[in-house]
Amino acid sequence: MNIQTEHRDDHTARMVVELETQTLEQAKQTAAKRISKKINIPGFRRGKAPYRVIAKYVGEEAIVEDAVEIISNDVYREALDESKLEPYGPGALEEYHVEPTPTLTFTVPLQPTVALNNYRDVRVEYTAPEVTDEQIDQVMKHLQMEKAVVEDSSRPAALGDRVTLDVHSVIELEDEASDADENEADDSGDEDADEHEHEHEHTHGENDVTFMHAHGEWFMLDPADDPIPGFSEALVGANADETRNFELTLPDDHEEYPGKTVKFDVTVKKVENVTLPPLNDDLAARVTAEEEQPLTLLELRVRTRENMQRELEKEALDKYTNGALDAIMEQAEIKYPDAMVMDQVQQLLQRLDENLRQNRLTLNDYMQIYRQSINDLVAQYRPSAEQIVRRSLTLREIGIAEQLDVTDAALEARLDEMMGMVNEEERVQARALFDNDRLRDSIRESMMRDLILERIAAIARGEAPEIGSEAETSANAE
6 MNIQTEHRDD HTARMVVELE TQTLEQAKQT AAKRISKKIN IPGFRRGKAP YRVIAKYVGE
66 EAIVEDAVEI ISNDVYREAL DESKLEPYGP GALEEYHVEP TPTLTFTVPL QPTVALNNYR
126 DVRVEYTAPE VTDEQIDQVM KHLQMEKAVV EDSSRPAALG DRVTLDVHSV IELEDEASDA
186 DENEADDSGD EDADEHEHEH EHTHGENDVT FMHAHGEWFM LDPADDPIPG FSEALVGANA
246 DETRNFELTL PDDHEEYPGK TVKFDVTVKK VENVTLPPLN DDLAARVTAE EEQPLTLLEL
306 RVRTRENMQR ELEKEALDKY TNGALDAIME QAEIKYPDAM VMDQVQQLLQ RLDENLRQNR
366 LTLNDYMQIY RQSINDLVAQ YRPSAEQIVR RSLTLREIGI AEQLDVTDAA LEARLDEMMG
426 MVNEEERVQA RALFDNDRLR DSIRESMMRD LILERIAAIA RGEAPEIGSE AETSANAE
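This is how it looks when you write it as structure tokens:
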């Protein structure tokens, strides 16, 4: 067996295997016998016809094709062992030739590789978040709203009212394809143009993105709480059962669509007058009435600030760590076969299917509703799948490079912590659950991910301990 390998740019290998002629001839004999057992050849019982008769009856190519199928798996495994290639997953037979030498050519997806390069030199600036008085005031206002007196109103909506709305809104994204579609629609007859306009009114075009979609939800007409600047003002003066169409512009600092126009179709279902209680110690006592000691307004504000500060710090740290990971990925060399991305796409589609089934829908229903094919879905989910693959590979490689590990002691400590959150009556059942190997592995993986992310943040701040240091060991033991 002669083997030649060629590494390709798509992180696969082309493995060309030359066979001994005798190997293929033996496989052809086996294939012919197998074929003869499945068909009726005049003058012979099944399985008893000689090779030359079978070849004349079904053709030499059919026998060769069956012979290749018989030997391809064994040839692939043997060639893989000799070539020292490290496959990511199953290979595929690309082609075969009989002359001049029996040759089988396989495509082998290779194990991913990650070169982190100078990842420990990556630095990212961290800005500590701070809760503002305005944020606290907003929370207090929401608490007032929870204790407010709400009454139906027959007058037009005004700022400070609560309105129940049906909202449909989209961000229209322009591109060459949509412009071409519009021109084509303009060139068609009046009937086609009317149909195009009617379709646009309901579907808002293939390139549009839903901004808000709500049925029977209430909103406070308060500019400080607007989902987009100008939303409350656009509904001032509207009566119940009135529909308003308007356009608003997203701010320039919007994360995804800065400066884009949003088209709204809003129906006011109900208008209600809201009377807020005074913001004082009495309100604070009502809000905290079920606690051991009701709080004063000042105490409530202090506690709210502390809670918000913790939440903001966690969000900021998560964002900072993700940014640091992105910075490490930018200077790393990450290689993987397309098969790895497609496996991740399949996982995402499976998750989508499971979520749909909870709502008594299937993936086929989803594709029919949104007029998408499976290829459309694959293309839609591919960027996310590729990002997941790149991030997971980088995280794993950092864990290896930093010699991080979740010790058995650390795992048991986490399980004990989780047990402490369970009621006495449920602890026996919980302990049996925690003894499940799959669950323990899942918890360990989650802990490992947290450990790696903590290390990434430390690296980005320039505070990472030396690899293999005592500080690292103690971190694993906690």
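My numbering puts the first residue of the sequence shown at 6, with every later residue one more than the last. For each residue, glycine too, the CB sits at the ideal point set by N, CA and C.
Backbone secondary structure at residue i - three-state DSSP
i	result
tyrosine 124	helix
glutamate 477	Caution is warranted here: a pLDDT of 48 is assigned to glutamate 477, below 50, making its placement in the model unreliable, and no coordinate value can be reported.
serine 451	helix
valine 241	coil
aspartate 15	coil
methionine 424	helix
aspartate 257	coil
lysine 232	Correcting the residue identity first, residue 232 is proline in this sequence and not lysine. Three-state result, proline 232: coil.
glutamate 468	coil
threonine 326	helix
methionine 313	helix
glycine 373	Here residue 373 is glutamine; the residue named in the question, glycine, does not match the sequence. Glutamine 373: helix per DSSP, three-state reduction.
leucine 109	strand
tyrosine 262	coil
isoleucine 44	coil
methionine 334	helix
valine 21	strand
valine 154	strand
valine 119	strand
Proximity to residue i [Cα-Cα], best of the options
i	options	result
valine 267	Thr293, Ile233, Glu260	Ile233
proline 95	Gly48, Leu85, Met6, Glu295	Leu85
arginine 19	Pro263, Ser378, Ser158, Leu109	Leu109
threonine 272	Ala289, Lys146, Leu240	Leu240
glutamine 408	Leu456, Glu391, Arg432, Gln363	Leu456
glutamate 135	Arg460, Ala120, Leu317, Glu65	Leu317
glutamate 104	Ala162, Ser41, Glu25	Glu25
asparagine 7	Thr17, Thr215, Val168, Val22	Val22
tyrosine 325	Arg460, Gln140, Lys38	Arg460
alanine 67	Gln34, Pro342, Ser474, Lys89	Gln34
glutamine 385	Thr399, Gln351, Ser447, Ala415	Gln351
leucine 90	Lys146, Glu11, Ala415	Glu11
isoleucine 75	Pro55, Ala37, Ala60	Ala37
aspartate 348	Asn360, Glu391, Ala163, Ala332	Glu391
lysine 152	Ala219, Asn380, Met424, Val279	Val279
alanine 60	Ala469, Ile40, Thr169	Ile40
threonine 137	Asp171, Asp270, Ser474, Val307	Val307
leucine 330	Glu431, Leu416, Arg454, Glu422	Arg454
arginine 128	Gly473, Ser474, Ala469	Ala469
leucine 226	Pro161, Lys53, Glu177	Pro161
leucine 253	Asp231, Lys274, Ala243, Glu247	Asp231
methionine 217	Leu98, Asp442, Ala406, Asp270	Asp270
glutamine 31	Leu458, Val73, Gly48, Arg51	Val73
valine 172	Trp223, Lys146, Ser158, Asp323	Trp223
threonine 17	Phe49, Gly64, Tyr93, Thr412	Tyr93
glutamate 100	Glu130, Ser88, Val69	Val69
Endpoints, the beta strand (DSSP E) within which residue i is located
i	result
proline 388	Premise fails: proline 388 lies in the alpha helix (DSSP H), 379-406, not in any beta strand (DSSP E).
glutamate 5	The structure shown does not extend to residue 5, since the chain is modelled only from 6 to 483, so the question has no answer here.
aspartate 171	167-176
lysine 275	266-280
leucine 346	Leucine is not the amino acid found at residue 346; the sequence shown has valine there. Premise fails: valine 346 lies in the alpha helix (DSSP H), 343-363, not in any beta strand (DSSP E).
tyrosine 339	Rather than tyrosine, the amino acid found at residue 339 in this sequence is isoleucine. Note, isoleucine 339: beta strand (DSSP E), 338-340.
alanine 163	Note, alanine 163: premise wrong, no beta strand (DSSP E); not H, not E.
threonine 215	214-225
tyrosine 93	Per DSSP, tyrosine 93 belongs to no beta strand (DSSP E) and is neither H nor E.
alanine 97	97-102
First and last residue of the uninterrupted alpha helix (DSSP H) at residue i
i	result
serine 77	65-88
glutamate 431	Taken as a continuous stretch (DSSP letters only), glutamate 431 belongs to no alpha helix (DSSP H), as it is neither H nor E.
lysine 33	26-41
glutamate 139	138-151
leucine 288	286-292
CB contact check: residue i to chain C, cutoff 9 Å
i	result
glutamate 335	Of the chains in the structure shown, none is chain C; there is only one protein chain.
Contact belief for residue i with residue j at Cβ below 8 Å, rounded distance in angstroms
i	j	result
valine 154	valine 214	Wrong, their Cβ atoms sit about 39 Å apart, outside the cutoff.
proline 107	leucine 29	4 Å
valine 292	alanine 245	31 Å between Cβ atoms; not a contact.
isoleucine 379	tyrosine 124	Going by Cβ atoms, the distance from isoleucine 379 to tyrosine 124 rounds to 38 Å, so no, they are not a contact pair.
alanine 229	glutamine 143	7 Å
threonine 112	alanine 97	5 Å
If you pair each beta-carbon of the segment 308-326 with each one of the segment 368-380, do three or more pairs fall below 8 Å? no
Pair every Cβ in the segment 354-369 with every Cβ in the segment 282-289, then say whether three or more of these pairs are closer than 8 Å. no
Would you check if there are 3 or more beta carbon pairs closer than 8 Å linking the segment 255-265 to the segment 111-129? no
Stretch pair the segment 395-407 + the segment 323-338: three plus CB contacts closer than 8 Å: yes
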